[in-house]
Amino acid sequence: MNDTPEKPTAAEKAPAKRTTTEAPAKKTAAKKAPATKAATKAVAKKTTAKAAAEKAPAKKAPARKPESRTAVVRRARRINRELAELYPYAHPELDFTNSFELLVATVLSAQTTDMRVNQTTPRLFAVAPTPEDMAALPPEELEELIRPTGFFRAKTKSLLGLSAALRDRFGGEVPGRLEDLVTLPGVGRKTANVVLGNAFGVPGITVDTHFGRLARRFGWTTQEDADKVEADVAAIFPKSEWTMLSHRVVFHGRRVCHSRKPACGACPIAPLCPSYGEGETDPEKARKLLKYELGGQPGQRLKPPADYPGQPAPPMAPPAAAS
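Position 5, counted from 1, in the sequence shown is what the numbering used here calls 61; the numbers after and before it change by one each time, with no gaps.
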């Protein structure tokens, strides 16, 4: 029997080779692990960034390029022409038959609608048709007559004061000069320009809340003060246009370009407006925001001009009888 150990066969050596081969495989897997973690981190970071971007507020549209003075004037005058076509029937929305009635109605229109003034003045003028008559009214009676317009105590003080001034200083007549009108109690440039433009044919720009708002939206001015707005707009338009420009802009402000929800999607001059988009741009939704005759509703005057296309305002309901 041969005691010398036999050399291992090739088959017996194979398991050792397999063991040697498996070790590097594990090493390779270990090397790949960090790369997988890094990729996972990168994906997570990208997802987080995307979510943050979606939550972040949308970037504002780039600021419009400043217009030259010439471009501002041209665009402003084109807006005026477009408004003239849109509102060929534009007019003062206060009912009046003479300069005194217009003056009183304009004073009463502060902090209320022209419709409410028009519903109130028939009773007032039936009792006090002249400055002399109004100056003679007891304050309590005048307060009661104008109560529906609001701020009736302050307005009563103004009406009694201006009526007495007209009686004592101007022979019972409303003066036709700006410098005289603004000396009357309760009468400023806005009221004076309304009276001058519509009772005396003297051109004037009426800067009420509607006119000031639209002048800024149209880019005609950046001012908030009414006198400064008037000066800026007066420098853009010829004097002959001032009174009718005022009516057109105020009409548009009351019917389309409202303070809180402008009907941008139903606005015929939207292509000319640098503030387009401040209000509702959907055409159907915007049409529902239109007011007065454009919205199929009554206007503000009980006695509108003959060419007014809408319905007249309803008269005020008579006061309830005391029980």
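Just so you know, even glycine gets a beta-carbon here, dropped at the ideal spot from N, CA and C.
Values in this document were obtained by computation on a predicted structure and should not be read as measured data.
Check: Closest to E199 by CA distance: which of N154, V230 and L164 is it?; Outcome: L164
Check: Could you work out which residue in L237, D288, Q167 and K213 is closest to V129 when comparing CA atoms only?; Outcome: D288
Check: Out of P368, A161 and E334, which one is the CA nearest neighbour of A255?; Outcome: A161
Check: Cα-Cα, which of A282, K317 and L240 is closest to T265?; Outcome: A282
Check: When burial is assigned at 16 or more other CB atoms within 10 Å of the CB, is N154 buried or exposed?; Outcome: exposed
Check: In the structure shown, what three-state DSSP assignment does Q175 receive?; Outcome: helix
Check: Tell me where the alpha helix (DSSP H) around N381 begins and ends.; Outcome: The displayed coordinates of the chain run from 57 to 379. Any statement about residue 381 would go beyond what the structure contains.
Check: How many angstroms separate the CA atom of R133 from the CA atom of T186?; Outcome: 40 Å
Check: Is A86 buried or exposed, if buried means 16 or more other CB atoms sit within 10 Å of its CB?; Outcome: Low per-residue confidence applies at A86: pLDDT is 41, beneath 50, and the placement is therefore not dependable enough to give any value.
Check: What residue range is occupied by the uninterrupted alpha helix (DSSP H) comprising P122?; Outcome: No alpha helix (DSSP H) contains P122, which DSSP labels as neither H nor E.
Check: Using the three-state DSSP reduction, which class does P361 fall into: helix, strand or coil?; Outcome: coil
Check: Assign P354 to one of three DSSP states: helix, strand, or coil.; Outcome: strand
Check: Distance check for A319 and T337, CA to CA, integer angstroms please.; Outcome: 7 Å
Check: Closest by CA to N174, which one among P148, E188 and V306?; Outcome: P148
Check: Along the chain, where does the alpha helix (DSSP H) containing V306 start, and where does it finish?; Outcome: W298 to R311
Check: Rounded to whole angstroms, what is the Cα-Cα separation between K116 and L328?; Outcome: For K116, the pLDDT reaches just 42, beneath the cut-off of 50, and the residue's location in the model is therefore unreliable, although a value from the coordinates is still provided. So the two alpha carbons sit approximately 21 Å from each other.
Check: Cα-Cα, which of R131, P361, P374 and C313 is closest to L350?; Outcome: C313
Check: Residues bridged to Q367 by DSSP?; Outcome: P354
Check: Drop a sphere of 10 angstroms on the beta-carbon of E141, count the other beta-carbons inside from all chains shown, and report buried for 16 or more, exposed for fewer.; Outcome: exposed
Check: Among the residues of its own chain, which have a CB less than 8 Å from the CB of I202, if the five just before and after it don't count?; Outcome: L164, T176, L180, F208, K211, T212 and L215
Check: Quick check on M190: does DSSP put it in helix, strand or coil?; Outcome: helix
Check: To the nearest angstrom, how far is the alpha carbon of W276 from that of I292?; Outcome: 8 Å
Check: Helix, strand or coil, according to DSSP, for P327 in the structure here?; Outcome: helix
Check: Tell me where the alpha helix (DSSP H) around N254 begins and ends.; Outcome: R245 to A255
Check: Looking at the unbroken alpha helix (DSSP H) that takes in R225, where does it start and where does it end?; Outcome: F208 to R225
Check: Can you give the Cα-Cα distance for Q167 and G206, rounded to whole angstroms?; Outcome: 7 Å
Check: Secondary structure at I202, three-state DSSP: helix, strand or coil?; Outcome: helix
Check: Between S331 and the rest of its own chain, which residues show a CB-CB distance below 7 Å, the 5 nearest in sequence each way excluded?; Outcome: R273
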